[in-house]
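Residue numbers (my numbering): -12 to 454. For every residue, glycine included, the Cβ atom is placed at its ideal position computed from N, Cα and C. The structure displayed is predicted, hence computed values, not measured ones.
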Ligand code: PXG
């Protein structure tokens, strides 16, 4: 793209386009980065820079860019039947086939799916189903949902209310009533004064305490991501999920596992629930369902809830114009077929996940890195001023944001969540590409340390790394 056209697009973008999760004015002053092309795990910007996309777009391009099979699936479906709805007693082949395929891949007791256009809509749908379920069971007062601080469940009003992102609650409230949040199982950030096992149990106890505070007869469901994504790739201690499962069973509380990021192979199983041995009542899904090629989400519904909604519920007054959109469904179906043919999930579990863990773990020797963790193909680095104590840099230095910007300069897309650097690369990444990712990340950490020191910050033990 010519520099003139790039500059013109930036000006038009500033003048007319309000970006998601963006300080509009600051971006207008800075100018947005224009992405024009992509192939495999790489994207290319308008200035011709090639970047290794270690975020798979936004946690979604699981099969990588440039998959002609997905393009062909969309073209064929759009040529035949670009759109039709699933209201008023109609259906179409892609929606049916996708529903059947999803239920085959999901845990055995999940045999129904309700389609949506996004993960946020999936969580709105889930909330309505949960409350409807308990109302049908004769317990309408059992309508509270317990979520977790720093969880992300979407950006619609219900999505942001279910999530535990305080800055989101502070804007556009009041939130949906009947939703409360308990502490997250973030050992590095909040639990290092005890073993991770003990901390996992403490966080599960927090769920039980909240149930008892509210009264078990008033709590409908607990919602959580298997591994928190947007919160900073937070992998719970091994003790956490078994203890939470026990608590929920004890008080008959539904389990909602938000699989929007962890679903479709991210953790080396089809669903994060499979990895942690969970039997959710409902699973919101999206993102990797279509590898992000077209927008589609849904809620997988376990037999207990589905049977009640079907047999006792009558009409469920809920649905979207694009619920089960045929073109999106056809692309999702092809995406799942390709994942099976190419054994993508098995490769993450058996080869790529363990390989990333060993290579990524090496970064823990870097002076800036307090912890390097990963599970399957999701990972994080905790950037700290002093790795011995875990002390963070002063917030005003924005060490994570600095590292992210340096990554962009050096050819890597890594996301920062505060001072936690996060990766979630396409599941088709190769071992050689993992080597390159780790090399680029280390180079970015070195440069981050150098610039932090140049700005007067002290970086404990960094002499050799920045010499
Ligand atoms: N649940 C989870 C676990 C998510 O990660 C949603 C629901 C909502 O999905 P939609 O399709 O409505 O966006 C998400 C989305 C980030 C970031 O900054 C993460 C998401 C969305 C936007 C930004 O990491 N996850």
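Express the C-alpha separation of residue 293 and residue 192 in angstroms, rounding to a whole number.
-> 29 Å
State yes or no: is the C-beta of residue 402 nearer than 8 Å to some heavy atom of the ligand PXG?
-> Within the cutoff, so yes.
Inside the segment 385 to 409 only - beta strand (DSSP E) runs reaching at least 3 residues = DSSP runs (the beta strand (DSSP E)) wholly in the segment 385 to 409: 402 to 404.
Would you check if the distance between the CB atom of residue 326 and the CB atom of residue 258 is smaller than 9 Å?
-> no
Thinking residue 284 and residue 273 are a contact (beta carbons under 8 Å), I'd like their distance in whole angstroms, please.
-> Contact holds; Cβ gap of about 3 Å.
Do you know how far the Cα of residue 343 is from the Cα of residue 337?
-> 11 Å
With DSSP as the reference, label residue 191 as helix, strand or coil.
-> helix
List the endpoints of the continuous alpha helix (DSSP H) containing residue 310.
-> Where residue 310 is concerned, there is no enclosing alpha helix (DSSP H), given that its DSSP letter is neither H nor E.
In angstroms with no decimal places, state the Cα-to-Cα distance between residue 370 and residue 402.
-> 13 Å
Leaving aside the five residues before and after residue 126 along the sequence, list all residues of the same chain whose C-beta is less than 8 Å from its C-beta, in chain order.
-> Correct list, in chain order: 204.
Going by the C-beta, is residue 217 closer than 8 Å to any heavy atom of the ligand PXG?
-> For the ligand PXG, at least one heavy atom lies less than 8 Å from the Cβ of residue 217.
Going straight from the alpha carbon of residue 154 to that of residue 248, what length do you get?
-> Residue 154 and residue 248: Cα-Cα distance of roughly 21 Å.
Check whether the Cβ of residue 278 lies closer than 8 Å to any heavy atom of the ligand PXG, and answer yes or no.
-> no
When the distance is taken between beta carbons, is residue 225 closer than 9 Å to residue 183?
-> yes
Of the choices 96, 194, 112, 87, whose alpha-carbon is the least far from that of residue 135?
-> 194
How far does the beta strand (DSSP E) with residue 243 in it reach, from first residue to last?
-> 241 to 244
In chain order, what residues of the same chain have a beta carbon less than 8 Å from the beta carbon of residue 22, not counting five sequence neighbours either side?
-> 30, 31, 32, 33
Inter-residue spacing [alpha-carbon to alpha-carbon] between residue 235 and residue -10 = 58 Å
Secondary structure of residue 3, DSSP reduced to three states = helix
Tell me whether residue 67 sits in a helix, a strand or coil according to DSSP, three-state version.
-> helix
With distances taken between CB atoms, is the gap from residue 424 to residue 389 smaller than 9 Å?
-> no
Please confirm whether residue 417 and residue 355 have their CB atoms less than 9 Å apart.
-> no
May I ask you to check if the CB of residue 141 is nearer than 8 Å to at least one heavy atom of the ligand PXG?
-> For residue 141, the shortest separation between its Cβ and any heavy atom of the ligand PXG lies below 8 Å.
Excluding the 5 residues preceding and the 5 following residue 317 in the sequence, name in chain order all residues of the same chain whose CB lies nearer than 6 Å to its CB.
-> 60, 64, 81
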